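*Asks:* Per the numbering used here: the sequence shown = residues 839 to 1208.
C-beta atoms are modelled at their ideal positions from N, C-alpha and C, and glycine is treated no differently.
All values derive from a computational prediction rather than experimental measurement.
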Amino acid sequence: MEGNSKGVKELFSEVIDEGLCTLCGACSGGCPYLVPYKGRIVLIDSCTVEESQCYKYCPRTYLDMDAISQQVFNTPYSHDELGTTQNVVIARSTDPDFISKGQYGGVVTTLLSLAVDEGLIDQALLTRMNGERVPEPFLAQNKADILSCAGSSYMSCPVLSEFNLLSPENSYSLGVVGVPCQVQALTKMKVAQPKNRVNMDSVKLVIGLFCTWALSQSAFQPFLNENLNISHIKKFDIPPPPANVFDAYTDTGKVSFSLDQIRNFTMPACAYCLDMTAEFADISVGSVEGIEGWNTVIVRTDTGTRLIEKAKKSGKLEIDTLPEENLAHLKEASLNKKKRGLKTIVDKTNDKNNLLYMGLSNNYKDSLLG
839 MEGNSKGVKE
849 LFSEVIDEGL
859 CTLCGACSGG
869 CPYLVPYKGR
879 IVLIDSCTVE
889 ESQCYKYCPR
899 TYLDMDAISQ
909 QVFNTPYSHD
919 ELGTTQNVVI
929 ARSTDPDFIS
939 KGQYGGVVTT
949 LLSLAVDEGL
959 IDQALLTRMN
969 GERVPEPFLA
979 QNKADILSCA
989 GSSYMSCPVL
999 SEFNLLSPEN
1009 SYSLGVVGVP
1019 CQVQALTKMK
1029 VAQPKNRVNM
1039 DSVKLVIGLF
1049 CTWALSQSAF
1059 QPFLNENLNI
1069 SHIKKFDIPP
1079 PPANVFDAYT
1089 DTGKVSFSLD
1099 QIRNFTMPAC
1109 AYCLDMTAEF
1119 ADISVGSVEG
1129 IEGWNTVIVR
1139 TDTGTRLIEK
1149 AKKSGKLEID
1159 TLPEENLAHL
1169 KEASLNKKKR
1179 GLKTIVDKTN
1189 DKNNLLYMGL
1199 SNNYKDSLLG
């Protein structure tokens, strides 16, 4: 893994100042100098450390795709549109609470609750909306905690800053839910154990969320304040195509905004991302185009397979086959994101051999660039 001799200076010059920061939180939490503040990472004091973990574990510093794939799957990085998979299905919860409060089929909340009940994990690191409807990291320990985090915010959140605050003596087994960039950072930590941080062997389950882009807190929050009563917002949703709207559900009903308008608040870093389906998670979860109330579920590891099988056997999840047409559309969307992201990178560097943070084989790089 490259970048071991670089620190906060290079983190700013290569990532933050270049608009590549995803606000994943991997650089903060355990650092006395870097903190998340109003949707961005800020340096609050001078740091002279030349070799620092903030640079090493950032998902937008060098990302050796083969190395992290070997860590998770014991195989080089898959060139399949969806990455390494064991199975792709659709699923929905059978628990009314999870269905009513969760996103689409309530699969993530159901799996986390089951993982706690089965003793696979003791705690789950999630994202929860605060009173201002801003997402914050939250360490859930029971069903009520998990339910309080149900739903999607669509805004960036430094969830790994909370992970970095966990004690090295922590004896709890952990589950983590994150979007692709957060999962990439976490996997980099698995490849090389961070110093004076929680033992990465305690991370027993990683659930990834499909993500095309995330909204900037600093840009989107003022928009919400101008257009809605924040205290009345219950949840957000982006219905599958062809709706092309962003829905905010409030005490008094649903308010819809044009998705083209909402995209103006996208994090700049999202344009440089190639991963739509959180390819290094145990299980990846998203919506199902055209099938309301269900989630698409990509099962990637043995851990993921065992948990899904327990959920099905115990009746916690209803599982069905993903229609071939939906699978084809999902693969097409994922591949298009890879191509768009790589093209944006090359347009920025003006050199197809300089892929910024991406460590891809030449053959795969050339196939994506056409």
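If you run the structure through DSSP and keep just helix, strand and coil, what is M1240?
*Replies:* Outside the displayed range of the chain (839 to 1208) lies residue 1240, so it cannot be described from this structure.
*Asks:* To which residues does DSSP link Y875 through a beta bridge?
*Replies:* Position 37 of the sequence shown holds residue 875. Answer is R878.
*Asks:* Go to S1094, then tell me how far its beta strand (DSSP E) extends in each direction, as first and last residue.
*Replies:* The residue you call residue 1094 lines up with position 256 of the sequence shown. First-last of the beta strand (DSSP E) with S1094: 1091-1096.
*Asks:* Could you give the DSSP three-state label for C987: helix, strand or coil?
*Replies:* On the sequence shown, position 149 is the one that residue 987 refers to. Looking at C987 - three-state DSSP - the assignment turns out to be coil, as it is neither helix nor strand.
*Asks:* Measuring alpha carbon to alpha carbon, tell me which of K1151, L872, D1185, Q909 ends up nearest V1021.
*Replies:* In the sequence shown, residue 1021 corresponds to position 183, counting from 1. The option with the nearest alpha carbon to V1021 is Q909.
*Asks:* Quick one: which unbroken alpha helix (DSSP H) runs of 4-plus residues sit fully inside the segment 935-1012? Chain order, please.
*Replies:* As far as the segment 935-1012 is concerned, its whole alpha helix (DSSP H) runs of at least 4 residues are 945-955, 981-986, 997-1002.
*Asks:* Please name the residue in L1066, S1096, A1086 whose C-alpha comes closest to that of P1079.
*Replies:* For the purposes of this step, residue 1079 is taken as the residue at position 241 of the sequence shown. When only C-alpha atoms are compared, the closest one is S1096.
*Asks:* Closer than 6 Å by C-beta to Y942: which residues in its own chain qualify, once you throw out the five before and the five after it? Chain order, please.
*Replies:* As a first step, residue 942 must be located in the sequence shown, where it is residue number 104. Answer for Y942: S1125, N1133, listed in chain order.
*Asks:* With a 10 Å radius around its C-beta and 16 neighbouring C-beta atoms as the bar for buried, classify S890 as buried or exposed.
*Replies:* On the sequence shown, residue 890 is found 52 positions in, with the first residue counted as 1. S890 should be labelled buried.
*Asks:* Could you pull the DSSP bridge partners for N1053 from this structure?
*Replies:* Indexing the sequence shown from 1 puts residue 1053 at position 215. Note that residue 1053 is Leu in the sequence shown here, rather than Asn. In DSSP, L1053 forms a bridge with M993, T1104.
*Asks:* What residues are listed by DSSP as bridge partners for R1178?
*Replies:* What you label residue 1178 is simply residue 340 of the sequence shown in a count that begins at 1. None; R1178 has no bridge partner.
*Asks:* Quick check: the Cα distance between D1113 and V1184, rounded to an integer number of angstroms?
*Replies:* Sequence index remark: in the sequence shown, residue 1113 carries index 275 (1-based). Sequence index remark: in the sequence shown, residue 1184 carries index 346 (1-based). In a straight line, the C-alpha of D1113 is about 16 Å away from that of V1184.
*Asks:* Looking at C-beta atoms only, is the number of pairs between the segment 920-929 and the segment 1139-1153 that lie closer than 8 Å three or more?
*Replies:* Yes: the two stretches touch, three or more of their Cβ pairs being nearer than 8 Å.
*Asks:* Compare the C-alpha of P973 against each of I1157, G863, L1180, K1175 and name the closest.
*Replies:* Translated into the one-based positions of the sequence shown, residue 973 becomes position 135. The option with the nearest alpha carbon to P973 is G863.
*Asks:* Report yes if the C-beta distance between V997 and P1032 is below 8 Å; otherwise report no.
*Replies:* Reading the sequence shown from its first residue, position 159 is the one you call residue 997. Reading the sequence shown from its first residue, position 194 is the one you call residue 1032. Taking 8 Å as the Cβ cut-off, V997 and P1032 do not qualify as a contacting pair.
*Asks:* What's the C-alpha gap between A1086 and I1045?
*Replies:* Stepping through the sequence shown from its first residue, residue 1086 is reached at position 248. Stepping through the sequence shown from its first residue, residue 1045 is reached at position 207. Near 25 Å, if we compare the C-alpha coordinates of I1045 and A1086.
*Asks:* Between M1105 and A1052, is the Cβ-Cβ spacing less than 8 Å?
*Replies:* In the sequence shown, the residue the question calls residue 1105 occupies position 267. In the sequence shown, the residue the question calls residue 1052 occupies position 214. Result yes, Cβ atoms of M1105 and A1052 sit closer than 8 Å.
*Asks:* Using beta-carbon positions only, say whether N1002 and S1040 come within less than 8 Å of one another.
*Replies:* On the sequence shown, position 164 is the one that residue 1002 refers to. On the sequence shown, position 202 is the one that residue 1040 refers to. Taking 8 Å as the Cβ cut-off, N1002 and S1040 do not qualify as a contacting pair.
*Asks:* Starting from F1048, follow the beta strand (DSSP E) in both directions and report where the run begins and ends.
*Replies:* Within the sequence shown, numbered from 1, the residue matching residue 1048 stands at position 210. No beta strand (DSSP E) contains F1048, which DSSP labels as neither H nor E.
*Asks:* Out of curiosity, what's the CA-to-CA distance linking A962 and A978?
*Replies:* The count along the sequence shown starts at 1 and reaches residue 962 at position 124. The count along the sequence shown starts at 1 and reaches residue 978 at position 140. Looking at the two C-alpha atoms, the distance is approximately 5 Å.
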